[in-house]
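Protein chains in written order, with the numbering used here: chain Y, 11 to 157; chain C, 11 to 157.
Below: one structure, written as structure tokens.
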DNA sequence: TTGTATCCTACTAATCCGATAGGATAATAT
DNA sequence: ATATTATCCTATCGGATTAGTAGGATACAA
């Protein structure tokens with residue numbers, strides 16, 4: 011079980027956008043630089059965030075990206091779905107026939123895990139992540155100041 | 011994020027073994043039949059369960075496989091690790107340097123999800139799964155009886 | 001009109017994964 | 001003893017997915 015890189019990069023990107031939405035917005039190439047992601051690759055990631063209506067690029071090309079909506083209402087699950095369509099750990103989740111045998115304890119166990127993950131993703135909002143990120147940055151500043 | 015088939019099949023297999031350990035044990039080919047898994051493929055799965063010391067094949071080839079240990083002490087996480095070495099959703103989990111940038115909120119978020127999954131896997135024992143499986147089978151019998 | 005940033009589509013190289021194949025080994029039945 | 005059967009072990013293959021690149025179109029601004 012591994013998270014794909016688009017989801018990883020995508021979350022980092024939208025956190026950066028969320029942290030600068032109140033000001034001028036962020037240029038894609040600046041995200042690429044600070045997040046250390048190839049700008050070409052970021053093309054696709056930004057595109058998926060846009061088509062999921064999570065970010066907008068208002069007012070001409072130099073204005074940068076902004077968040078589309080309240081960060082307290084955008085959950086990590088929403089962001090996750092922008093890159094994964096949905097979370098489905100196993101294929102036979104919705105039916106009660108699993109792999110041509112009867113429904114089994116294994117199936118319901120994996121479904122339980124699936125639900126567990128989804129509710130974790132739903133419990134964290136983009137607002138939470140921004141809060142945490144700025145706390146981290148503040149700590150970094152302190153460390154740098156005192157050394 | 012997807013679960014690989016070896017883990018899926020492996021869990022089903024070890025549940026079947028656990029349910030028959032007190033009697034004669036289970037032959038691999040019988041597991042293959044009831045679980046609808048290619049016997050050749052099951053070769054590899056059984057091998058991994060064995061090298062993780064979760065099952066044994068005592069007393070000659072016709073005696074079948076048995077559980078090696080108390081099902082209340084074998085957790086789903088142990089079984090999971092037999093097929094996945096460990097759970098690591100992202101690569102940069104142990105270091106506080108993530109993808110050449112500073113430590114970030116995204117990283118700690120994914121680490122949190124990782125912990126969450128692990129503790130879910132640890133919370134379920136093989137005994138629990140066996141209990142659930144026999145309940146399911148009893149229900150199936152009831153349904154069949156009354157129809 | 002030149003430069004720069006985003007947008008859009010196609011492609012490639014690499015990796016992983018599910019499954020198969022073939023044969024060695026060992027125990028058992030006849 | 002010999003044939004049979006089940007497990008054991010290694011190699012391989014085809015397919016799918018994925019991370020990342022490439023190239024150019026569009027749109028806007030200096």
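Note that the Cβ used here is the ideal one computed from N, Cα and C, for glycine as well.
How is residue i classed by DSSP in three states: helix, strand or coil?
| i | result |
| --- | --- |
| residue 158 (chain Y) | Nothing about residue 158 (chain Y) can be read from this structure; chain Y reaches only from 11 to 157. |
| residue 99 (chain Y) | coil |
| residue 144 (chain Y) | helix |
Please confirm whether residue i and residue j have their CB atoms less than 8 Å apart.
| i | j | result |
| --- | --- | --- |
| residue 45 (chain Y) | residue 28 (chain Y) | no |
| residue 97 (chain Y) | residue 31 (chain Y) | no |
| residue 143 (chain C) | residue 102 (chain Y) | no |
| residue 136 (chain Y) | residue 92 (chain Y) | no |
Go to residue i, then tell me how far its alpha helix (DSSP H) extends in each direction, as first and last residue.
| i | result |
| --- | --- |
| residue 44 (chain C) | 38-45 |
| residue 26 (chain C) | 15-30 |
| residue 34 (chain C) | Here residue 34 (chain C) belongs to no alpha helix (DSSP H), and DSSP marks it neither H nor E. |
| residue 51 (chain C) | 49-61 |
| residue 88 (chain C) | 86-94 |
| residue 121 (chain C) | 115-133 |
Kindly examine the ligand PLP and report whether one of its heavy atoms sits closer than 7 Å to the Cβ of residue i.
| i | result |
| --- | --- |
| residue 102 (chain Y) | Here there are no bound small molecules, and the ligand PLP is not part of this structure. |
Alpha carbon to alpha carbon, what distance is there between residue j and residue i?
| i | j | result |
| --- | --- | --- |
| residue 19 (chain Y) | residue 52 (chain Y) | 8 Å |
| residue 42 (chain Y) | residue 55 (chain Y) | 11 Å |
| residue 85 (chain Y) | residue 134 (chain Y) | 6 Å |
| residue 25 (chain Y) | residue 139 (chain Y) | 7 Å |
| residue 47 (chain C) | residue 131 (chain C) | 24 Å |
| residue 34 (chain C) | residue 67 (chain C) | 11 Å |
| residue 89 (chain C) | residue 94 (chain Y) | 27 Å |
| residue 13 (chain Y) | residue 16 (chain C) | 18 Å |
| residue 160 (chain C) | residue 99 (chain C) | Coverage of chain C is limited to positions 11 through 157, which leaves residue 160 (chain C) absent and any answer about it impossible. |
| residue 80 (chain Y) | residue 74 (chain Y) | 18 Å |
| Name the residues in the stretch 127-154 of chain C whose C-beta lies less than 9 Å from a C-beta of chain Y; which are they? | 127, 130, 131, 134, 138, 139, 140, 141, 142, 143, 144, 145, 146, 147 and 150
| field | Positions along the stretch 78-105 of chain C whose CB lies within less than 8 Å of some CB in chain Y | value | 86, 94, 97, 98, 99 and 100
| query | Any residues in the stretch 18-41 of chain C with a beta carbon nearer than 9 Å to a beta carbon of chain Y? Which ones, in chain order? | reply | 18, 19, 21, 22 and 25
| Any residues in the stretch 52-63 of chain C with a beta carbon nearer than 9 Å to a beta carbon of chain Y? Which ones, in chain order? | Of all residues in the stretch 52-63 of chain C, none places a beta-carbon less than 9 Å from a beta-carbon of chain Y.
| the stretch 112-124 of chain C: positions lying closer than 8 Å to chain Y by Cβ | So the list reads 112, 113, 114, 115, 116, 118, 119, 120, 122 and 123, given in the order they occur along the chain.
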